[in-house]
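Trainee:
Protein chains in written order, with this note's numbering: chain A, 1 to 253; chain B, 1001 to 1269.
Following this line, the structure appears as structure tokens:
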């Protein structure tokens, strides 16, 4: 496959207590592309993306070994600034999780804690992020309303805008549409395609149609291992592995 | 059968409540604006009212930050293990210590060892010990009720653990925390045994000019008037009414705050 490698994962292992979730995983994620991560429940999809922004560490009893290189630097090195890493690698969760603040304050939260800008420049960041997330027109007249007044789809776009506000390079999305209705889902899928122009996007999804609509590459995981990794079209039309084929045809989910 | 088991206790409580209020109201004749604002040296109760307020506000000022930080530690940082369980049990035990024992403890540690004597400061520290378990437990509960998704969102944006707690969880738990402080104040506002020999005297010359001076307090003075002076019952009931009023005021304030802030917690909808 052509294209630069943005995230180089080497021999990644993750345990939660005695549960060995990711097993010696090696994978190279391409830059400025959308990579879908698929597989049956419990195969380690969420654990994989959370390893990329080191959010697994937040869970008690987690252990990680192996390396993940971003920009030539191993993020698991002891001299890595984990807070800067999480700024560069943004995350959107399965259930939209706006902060209990106004729409404006939600977007401004990231820039605030990273001391990125103040005053007018912060206002500009908020506006640009909301525009990038295709939410500006719907909220520009009520920036100081509580974020919880928004619909589910709007809240999720708010969360995307919030992640964009700190100028990340990579965006991780954990089944971002699973809690949303079809109309909201369509809007976000459209958004994801445009984001790939400027960011590297990884999206965990259960929905094969979504993966084929939205992604350039697809990784198929099973029981913590990479079974197949290819251009999305090829994986769905000509899967090389029997397990992949079984998953695609719905023999197990 | 259900009516009897629910109804009878309720009726008893109502009767007791009204009986108490009626007794208190016998003292209403002694109350007047002059009585409340005149110095004790001239027969009023001004310093007692202010002294009571000084006492519980200062105690809350100490117990609130300590209690909130303790609650944050217990919920967010404490490792699960023996030491944490001991701390937990100790907090429960502290809540159960009779106030006279706390008063003795305060007298010994703050009054004598730390050299504070009979003073406002000693009273503050002693009463703070009584408010502390209330604030810790109330704050713990308020913090646990905040969805962890807020903290997680903040962490994923690059916040440190303390930033995430301070800027999301604590802010969201603030209403519950404030309520617990107000309830703590309601608990100690009428406290007598704990201030008996840590901060109160029968009469002072004006208001205390520094925390190292003793104070007058409503509850303490009620005790003195009954035991030592043999004054008419009305006087004492009058003072009791004032104290009762202050405590009820705080309880209403607490409930109002809670109701107001419920609206501002949209994730509870």
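Here a beta-carbon is modelled for each residue, glycine too, at the ideal position from N, C-alpha and C.
Does residue 1160/B come within less than 8 Å of chain A when only Cβ atoms are used?
Mentor: Yes, its Cβ sits closer than 8 Å to a Cβ of chain A.
Trainee: Look at the Cβ atom of residue 1173/B, then the Cβ atom of residue 1139/B, and state whether they are nearer than 8 Å.
Mentor: A contact, by the Cβ cut-off of 8 Å.
Trainee: Does the structure place the segment 1080-1094 of chain B close enough to the segment 1141-1157 of chain B that three or more beta carbon pairs sit under 8 Å?
Mentor: Judged by Cβ distances under 8 Å, the segment 1141-1157 of chain B makes no contact with the segment 1080-1094 of chain B, as fewer than three pairs qualify.
Trainee: Mapping the DSSP letters down to three states, classify residue 1054/B as helix, strand or coil.
Mentor: In the structure shown, residue 1054/B sits in a helix (DSSP, three-state: H, G or I).
Trainee: Closest to residue 1092/B by CA distance: which of 1136/B, 1063/B, 1199/B is it?
Mentor: Nearest option by C-alpha distance: 1136/B.
Trainee: Quick check on residue 64/A: does DSSP put it in helix, strand or coil?
Mentor: Note: residue 64/A maps to strand in three-state DSSP.
Trainee: Residue 110/A bridges to which residues according to DSSP?
Mentor: According to DSSP, which records beta bridges pairwise, residue 110/A is partnered with nothing at all.
Trainee: With residue 221/A and residue 37/A assumed to form a contact (beta carbons below 8 Å), what rounded beta-carbon distance in angstroms separates them?
Mentor: At roughly 6 Å, the Cβ-Cβ gap stays under 8 Å, so residue 221/A and residue 37/A are in contact.
Trainee: Mind checking if residue 148/A is an interface residue toward chain B, Cβ cutoff 8 Å exclusive?
Mentor: Yes, its Cβ sits closer than 8 Å to a Cβ of chain B.
Trainee: Return the CA-CA distance between residue 1078/B and residue 17/A, expressed in angstroms with no decimal places.
Mentor: Approximately 19 Å, taken between the alpha carbons.
Trainee: Looking at the structure shown, is residue 16/A part of a helix, part of a strand, or coil, going by DSSP?
Mentor: Residue 16/A: strand per DSSP, three-state reduction.
Trainee: Is the CB of residue 83/A under 8 Å away from at least one CB in chain B?
Mentor: For residue 83/A, the answer is yes, since a Cβ of chain B falls inside 8 Å of its Cβ.
Trainee: 8 Å is my cut-off, CB to CB: does residue 1139/B come that close to chain A?
Mentor: No, residue 1139/B lies away from the interface with chain A (no Cβ there is under 8 Å from its Cβ).
Trainee: Can you name the residues that DSSP bridges to residue 90/A?
Mentor: BP columns for residue 90/A point to 171/A.
Trainee: Please name the residue, chosen from 89/A, 60/A, 46/A, that lies closest to residue 163/A on a Cα-to-Cα basis.
Mentor: That would be 89/A, whose Cα lies nearest to the Cα of residue 163/A.
Trainee: Beta carbon of residue 1131/B: closer than 7 Å to some heavy atom of the ligand GTP?
Mentor: The ligand GTP is absent from the structure shown, which contains no ligands of any kind.
Trainee: By the DSSP assignment, the alpha helix (DSSP H) with residue 185/A in it spans what residues?
Mentor: Residue 185/A -> alpha helix (DSSP H) spans 182-195.
Trainee: Return the first residue and the last residue of the alpha helix (DSSP H) that residue 1226/B is part of.
Mentor: It is not in any alpha helix (DSSP H) - residue 1226/B carries neither H nor E in the DSSP assignment.
Trainee: Excluding the 5 residues flanking residue 55/A on each side, which residues of the same chain have their C-beta closer than 8 Å to its C-beta?
Mentor: Closer than 8 Å at the Cβ level, and outside the excluded window around residue 55/A, lie 86, 91.
Trainee: Let me check understanding here. Comparing Cα to Cα, which of 1143/B, 1203/B, 1215/B lies closest to residue 1180/B?
Mentor: Closest option to residue 1180/B, Cα to Cα, is 1143/B.
Trainee: By how many angstroms is the C-alpha of residue 243/A removed from the C-alpha of residue 26/A?
Mentor: Their Cα atoms are separated by approximately 18 Å.
Trainee: Assuming residue 101/A is part of the beta strand (DSSP E), what are its boundary residues?
Mentor: That residue, residue 101/A, is in no beta strand (DSSP E); it is neither H nor E in DSSP.
Trainee: Strictly under 8 Å for the Cβ-Cβ distance: is residue 130/A near chain B by that measure?
Mentor: By this cut-off, residue 130/A is not an interface position.
Trainee: Go through its chain and collect everything with a Cβ distance to residue 1080/B's Cβ below 8 Å, but skip five positions before and after it.
Mentor: There are no such residues.
Trainee: Three or more C-beta pairs under 8 Å: does that hold for the segment 1152-1169 of chain B against the segment 1093-1109 of chain B?
Mentor: Output reads no: the segment 1093-1109 of chain B does not touch the segment 1152-1169 of chain B.
Trainee: Going by C-alpha to C-alpha distance, which of 11/A, 20/A, 28/A sits closest to residue 3/A?
Mentor: Residue 28/A is the option with its Cα nearest to residue 3/A.
Trainee: Looking at chain A, is there any beta carbon in it that lies within less than 8 Å of the beta carbon of residue 1156/B?
Mentor: Interface residue, yes.
Trainee: Less than 8 Å between the beta carbons of residue 1132/B and residue 1066/B, yes or no?
Mentor: Cβ atoms of residue 1132/B and residue 1066/B: closer than 8 Å.
Trainee: Are the segment 1107-1114 of chain B and the segment 1019-1038 of chain B touching by the rule of at least three beta carbon pairs closer than 8 Å?
Mentor: Short answer: they don't touch.
Trainee: Considering only DSSP beta bridges, list what residue 230/A is partnered with.
Mentor: According to DSSP, which records beta bridges pairwise, residue 230/A is partnered with 218/A.
Trainee: Ordered along the chain, which non-local residues of its own chain (more than five positions away) have a Cβ less than 6 Å from that of residue 160/A?
Mentor: The answer, listed in chain order, is 92, 133.
Trainee: In whole angstroms, what is the alpha-carbon distance linking residue 1012/B and residue 1029/B?
Mentor: Rounded to the nearest angstrom, the two C-alpha atoms are 28 Å apart.
Trainee: Kindly indicate if chain B contains any beta-carbon less than 8 Å away from that of residue 121/A.
Mentor: No, residue 121/A lies away from the interface with chain B (no Cβ there is under 8 Å from its Cβ).
Trainee: Output the distance between the C-alpha atoms of residue 188/A and residue 101/A, rounded to the nearest integer angstrom.
Mentor: Computed Cα separation, rounded: 23 Å.
Trainee: Listing by chain order, which chain B residues have their CB less than 7 Å from the CB of residue 166/A?
Mentor: 1157, 1158, listed in chain order.
Trainee: Taking the C-alpha atoms as reference points, what is the distance between residue 209/A and residue 1134/B?
Mentor: So the alpha carbons of these two residues sit roughly 54 Å apart.
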